[in-house]
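As numbered in this note's numbering, residues 21 to 211 make up the sequence shown, in order.
Using N, Cα and C, we set each Cβ at its ideal position, and we do this for glycine too.
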Amino acid sequence: MHNLRRGARAGGWRLAPGLIGCMVLAACASLLGPREIAISRDQLQAGVERHFPLNNRALDLFDITLSRPRLSLQAGSDRVALSMQALVAPPFLKQSWRGTLALSGRLVVDAARGAVFMSEPRIEQFTIEGMDEARQRQVGKIANVLMQKVVGDVPVYRFRLQDLRYGGVQFVPSGIRATEQALLVRVEPAR
């Protein structure tokens with residue numbers, strides 16, 4: 021019986037370093053607290069460009085290619101604007117038209133996908149040069165479909181593992197705001 025107690029005590033001491041290590045990590049996480057990650061406009065631009073060109077056939081009437089995205093941050097409104105060149109071509113004709121699609125959206129963090137996306141999108145401008153008015157109206161209706169595809173499929177920024185890990189502590193995004201030159205993402209230690 022006496023040997024059994026001594027063995028239990030000795031085993032308990034073997035667990036102590038692990039428990040102390042866990043307590044130290046928990047204390048460090050609470051000391052680190054929330055912090056802000058700055059993602060420059062250039063980093064955002066490079067991330068968006070990787071997803072272009074986007075090709076889409078709309079209602080079997082038009083092949084639409086979106087390319088050359090230009091991203092700008094709208095400080096104060098926490099919105100991002102995205103303008104793209106559009107090439108519109110009916111699949112059954114050899115004619116094509118060029119134009120621009122500009123949209124904006126509110127910035128949101130999608131923690132499940134580990135990325136920042138646009139929500140509440142709105143078309144700021146959609147123009148096609150040299151297209152007659154009737155076709156322009158048809159293509160205008162398609163612009164909303166394109167906007168949803170761009171907003172739903174193209175992240176403004178995708179977090180890397182090292183973005184959300186600091187000092188051995190895992191962080192989760194909790195807020196976001198835009199300045200003219202960067203996107204500021206507030207992160208907090210994961211609980």
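Own chain, CB closer than 7 Å to residue i, minus 5 neighbours either side, in chain order
i: E200; result: L93 and A95
i: E208; result: P54, F191, V192 and S194
i: A131; result: V192 and P193
Residues that DSSP places opposite residue i in a beta bridge
i: A106; result: L86 and G119
i: G172; result: According to DSSP, which records beta bridges pairwise, G172 is partnered with nothing at all.
i: E56; result: R206
i: V100; result: L93 and G125
i: D183; result: In DSSP, D183 forms no bridge with anything.
Range covered by the beta strand (DSSP E) that runs through residue i
i: M138; result: A135 to I148
i: L113; result: Per DSSP, L113 belongs to no beta strand (DSSP E) and is neither H nor E.
i: G17; result: This structure leaves residue 17 out entirely; the chain is present only between 21 and 211.
i: L74; result: L74 to A78
Outcome for residue i when other beta-carbon atoms lying within 10 angstroms are tallied against a minimum of 16
i: V108; result: buried
i: L203; result: buried
i: A210; result: exposed
i: V192; result: exposed
i: V176; result: buried
i: R142; result: exposed
i: R174; result: Position check: residue 174 holds Val in this sequence, whereas Arg was assumed. Flag for V174 reads buried.
Span of the alpha helix (DSSP H) around residue i
i: L64; result: R61 to E69
Anticipated Cβ contact below 8 Å, residue i with residue j, distance rounded
i: G119; j: T147; result: 5 Å
i: S139; j: G125; result: 6 Å
i: I59; j: L127; result: The Cβ separation is near 11 Å, so there is no contact.
Spatial neighbours of residue i in its chain, beta-carbon cut-off 6 Å, leaving aside the 5 residues before and after
i: G150; result: W117
i: L121; result: M104, A106 and F146
i: L184; result: F191
i: A163; result: I143 and F146
8 Å Cβ shell around residue i - same chain, five flanking residues per side excluded
i: D98; result: R126, L127, I196, R197 and A198
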